[in-house]
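Heads up, the thing below is written out as structure tokens.
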Amino acid sequence: MKSDMKQDAGKEPILRVEKVSKAFGGIQALNGVSFDVHSGEILGIIGPNGSGKTTIVNCITGFIKKTSGRVFFQGRDISDKPPHKIADMGITRTFQIMRPYYSLPAYKNLVIPLFSPRAKRTGGWRGGGRLGDRNTVSIDILEEIGFERDSYVPYKTASTLPTGYLKRLELARCLALKPEIIICDEVFSGLSMSEIASMVPLIERLQMEGITLIMIEHRLRELFRVANRIMVLNFGEKLTEGSSEEVMADERVKEAYFGSQKVEEVMKHA
Amino acid sequence: MENKTQRRKERIDRGIKVRTDGIYALMSIRELSYLAMPRMILIFGMLALPLLLPGMYWERVITITCIYALLALSFDFLAHFVGLVSLGGAFFVGVGGYMAAIMNTTFGMPPWLTVPLAALAGGGVCTLLLLPCLPLRGVYFAIVSLMYPLFVARLIEALNILGGTDGITGIDGFTNRWMEQYFIIGILLLLLFGVRRLVNTDIGLVLRGVKDNDQAIRASGMNVTLYKAMAVYIASAMGCLGGACLAHIYMWSGISQFALDFSILPIAATVIGGGGTLVGPVLGCLILVPISELLREFGTLRIVFYALILVAFIVFRSEGIMVYGRRKYEQFERWTRI
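These protein sequence lines map, in sequence, to chains W and D. Mapping of the first sequence onto the numbering used here: residues 753 to 1022, in sequence order. Mapping of the second sequence onto the numbering used here: residues 42 to 379, in sequence order.
What follows is the structure, encoded as structure tokens:
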């Protein structure tokens, strides 16, 4: 799969981030970060706490205003568009702190994004022109994402669902829009090993369906299994970019994560 | 004492409630009537009110109650299904009242035309004026919606426009008192069941999503402000409708239509009736408005009684009549040992 990506390298990137900066008061959260995302790839973004990972997601999706810099999606400038316009163009995101509609059943959670202009245009999940009954379509999506259709789970109120299902519900909310790009803000965090194990094939399937993914993660081992390319942020600046092996071999990355001490020393104390 | 701590109240759905949830409701008169009875009591009760309480005095009370009920319905819809706490009842009534008055006196339109037109156009005016604070979250909407009625009333007074402190007089009344009462009762029932239906449609779900978390709505590619504006239009049009009716009932439109009673009483009614039920606030008005009329002979003391009733409800039955009543109707309770 990784060799496939090399061929795409020459093509126009689906998403281009150019020198994006963001300052919260005196704190420089992002400082001139630039990168390209190619169609169909999985880009992993890693970095220590406070390195600006979530801020870059918010800047791309328009949830916060950039101090400077531009973002291009399929060659079009989306820097100053409001979040709902950007989502309408096909860049969807999950939230690190999950945001389901807690008072509604899981399948009703999906009826809401299925009501959006983009979902109406794209005809819901299965294609097929006019969107049918949204309840049926939403249960189809939930089944795709791992809610057992014939169980009670899709009908349970979102507030009673365990974290694993809520993370899936976040992804399902993105899928309802038939997105071009999904930006996953820590979909693995807070999940058990077995939940992650079932999540990884799901991510791979989304990629096979032609969706471009940007994944912000702290769970490096799982991320390296799925990601084609890794970008490392530190203190709001891009440290390096490359395959997982290249990135982990980089001394600066080790330093960012473990401080200037020798890795061996840290591991000894751990 | 020890015994008490070891027990808890268990609530179980009644068999008939469970049966009527499914298709079995169609299979026996008993189940059908269980399902239809609460609605029928409300509908026929409302329709019977003018017959049960004849006389000029009660006629006024009934119509005023219905106007307050419209406002309470609009408050409950905005607060519990869209997440906007509105104190703009007075503003809606005032705008609707003045609009109907101008349409009637200046352009000579009959009441059956001014009432719907004032509702539609007034809703537009209110929505436009409230639009700037819609993207904000929190109490801003409440503050701005409270400010407008005060602002407009003082504006009319100071600039002496629209009749100044005398108001606009010489508005046509309804042709007869039966028509007047049944017109308003009919509209109230229609809107009550209409709004109930609306909140359960897909667009109603989106509005509830706006209340639960607007960020996810944005991330789904929907314009939150647009949906809020839509909801505010529906709610303010209901309020303006009430105001237009009020102008025609009193055949007068004045600054007192911007009185804060129209903002506050619907909220009290929602507390008493049970928020988020839509029917509750209407019931709350049916209780509160007549009580406040009966207490009128006590003069200013009525505010004290009124406040006591409110406090009692908030302390002892904060869930509201409708939530309590529905629970009793649908479930039985028993003490179980644990």
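Glycine residues also receive a C-beta, built at the ideal position from the N, C-alpha and C atoms.
Residue i and residue j closer than 7 Å at C-beta
i: residue 996 (chain W); j: residue 970 (chain W); result: no
i: residue 866 (chain W); j: residue 924 (chain W); result: no
i: residue 129 (chain D); j: residue 284 (chain D); result: no
i: residue 103 (chain D); j: residue 222 (chain D); result: yes
i: residue 325 (chain D); j: residue 313 (chain D); result: yes
i: residue 163 (chain D); j: residue 144 (chain D); result: no
i: residue 990 (chain W); j: residue 785 (chain W); result: yes
i: residue 767 (chain W); j: residue 825 (chain W); result: yes
i: residue 119 (chain D); j: residue 111 (chain D); result: no
i: residue 282 (chain D); j: residue 160 (chain D); result: yes
i: residue 322 (chain D); j: residue 117 (chain D); result: yes
i: residue 935 (chain W); j: residue 963 (chain W); result: no
i: residue 310 (chain D); j: residue 329 (chain D); result: yes
i: residue 886 (chain W); j: residue 840 (chain W); result: no
i: residue 306 (chain D); j: residue 109 (chain D); result: yes
i: residue 334 (chain D); j: residue 218 (chain D); result: no
i: residue 966 (chain W); j: residue 805 (chain W); result: no
i: residue 907 (chain W); j: residue 250 (chain D); result: no
i: residue 197 (chain D); j: residue 203 (chain D); result: yes
According to DSSP, residues forming a beta bridge with residue i
i: residue 782 (chain W); result: W:774
i: residue 375 (chain D); result: D:51
i: residue 767 (chain W); result: W:789, W:825
i: residue 844 (chain W); result: W:934
i: residue 857 (chain W); result: W:909
i: residue 967 (chain W); result: W:796, W:936
i: residue 210 (chain D); result: D:293
Residue i to residue j span [Cα, whole Å]
i: residue 181 (chain D); j: residue 778 (chain W); result: 28 Å
i: residue 226 (chain D); j: residue 357 (chain D); result: 31 Å
i: residue 342 (chain D); j: residue 49 (chain D); result: 42 Å
i: residue 115 (chain D); j: residue 279 (chain D); result: 6 Å
i: residue 361 (chain D); j: residue 308 (chain D); result: 12 Å
i: residue 127 (chain D); j: residue 146 (chain D); result: 30 Å
i: residue 381 (chain D); j: residue 193 (chain D); result: Here chain D covers residues 42 to 379 and nothing more, so residue 381 (chain D) does not appear.
i: residue 855 (chain W); j: residue 862 (chain W); result: 13 Å
i: residue 47 (chain D); j: residue 377 (chain D); result: 9 Å
i: residue 373 (chain D); j: residue 98 (chain D); result: 41 Å
i: residue 287 (chain D); j: residue 155 (chain D); result: 12 Å
i: residue 186 (chain D); j: residue 216 (chain D); result: 34 Å
i: residue 1008 (chain W); j: residue 802 (chain W); result: 12 Å
i: residue 123 (chain D); j: residue 859 (chain W); result: 20 Å
i: residue 774 (chain W); j: residue 831 (chain W); result: 13 Å
i: residue 269 (chain D); j: residue 315 (chain D); result: 23 Å
i: residue 976 (chain W); j: residue 1001 (chain W); result: 13 Å
i: residue 905 (chain W); j: residue 899 (chain W); result: 6 Å
i: residue 781 (chain W); j: residue 819 (chain W); result: 10 Å
i: residue 80 (chain D); j: residue 289 (chain D); result: 29 Å
i: residue 770 (chain W); j: residue 787 (chain W); result: 7 Å
i: residue 254 (chain D); j: residue 849 (chain W); result: 12 Å
i: residue 136 (chain D); j: residue 874 (chain W); result: 42 Å
i: residue 375 (chain D); j: residue 51 (chain D); result: 5 Å
i: residue 912 (chain W); j: residue 921 (chain W); result: 13 Å
i: residue 880 (chain W); j: residue 894 (chain W); result: Only weak support exists for where residue 880 (chain W) lies, its pLDDT of 43 falling under 50; the value from the coordinates is given anyway. One C-alpha to the other measures close to 18 Å.
i: residue 915 (chain W); j: residue 346 (chain D); result: 50 Å
i: residue 42 (chain D); j: residue 368 (chain D); result: Only weak support exists for where residue 42 (chain D) lies, its pLDDT of 48 falling under 50; the value from the coordinates is given anyway. Roughly 27 Å separates the two Cα atoms.
i: residue 107 (chain D); j: residue 259 (chain D); result: 37 Å
i: residue 359 (chain D); j: residue 319 (chain D); result: 16 Å
i: residue 350 (chain D); j: residue 327 (chain D); result: 14 Å
i: residue 121 (chain D); j: residue 91 (chain D); result: 31 Å
i: residue 229 (chain D); j: residue 903 (chain W); result: 41 Å
i: residue 950 (chain W); j: residue 61 (chain D); result: 40 Å
i: residue 67 (chain D); j: residue 73 (chain D); result: 6 Å
i: residue 246 (chain D); j: residue 851 (chain W); result: 15 Å
Residue i at chain C interface by Cβ criterion, 7 Å
i: residue 835 (chain W); result: In the structure shown, chain C cannot be found, because the protein chains are W and D.
Next on the checklist: Within 8 Å, do at least three Cβ pairs link the stretch 293–312 of chain D to the stretch 205–219 of chain D?
Outcome noted: Touching, yes.
Checklist entry - So does the stretch 981–998 of chain W actually touch the stretch 787–805 of chain W, counting three or more Cβ pairs closer than 8 Å? => result They touch, by the three-pair rule.
Item to check | Ordered list of beta strand (DSSP E) runs contained in the stretch 787–829 of chain W, each at least 3 residues | outcome: Within the stretch 787–829 of chain W, the complete beta strand (DSSP E) runs of at least 3 residues fall at 794–798, 820–825.
Checklist entry - Which ranges does the beta strand (DSSP E) cover as unbroken runs of at least 3 residues, wholly within the stretch 976–1005 of chain W, from first to last along the chain? => result Complete beta strand (DSSP E) runs here, min 3: 981–986, 989–994.
Checklist entry - Is the stretch 811–819 of chain W in contact with the stretch 237–245 of chain D, if contact means three or more CB pairs nearer than 8 Å? => result Not touching, per the Cβ criterion.
Item to check | Stretch-stretch touch, CB-based, cutoff 8 Å, three pairs: the stretch 836–848 of chain W with the stretch 254–264 of chain D | outcome: Short answer: they touch.
Checklist entry - Which full runs of the alpha helix (DSSP H) of 4+ residues lie inside the stretch 236–314 of chain D, going along the chain? => result Correct list: 243–253, 255–260, 265–291, 302–314.
Item to check | Inside the stretch 67–104 of chain D only - alpha helix (DSSP H) runs reaching at least 4 residues | outcome: For the stretch 67–104 of chain D, whole alpha helix (DSSP H) runs of length 4 or above, ordered along the chain, are 70–93.
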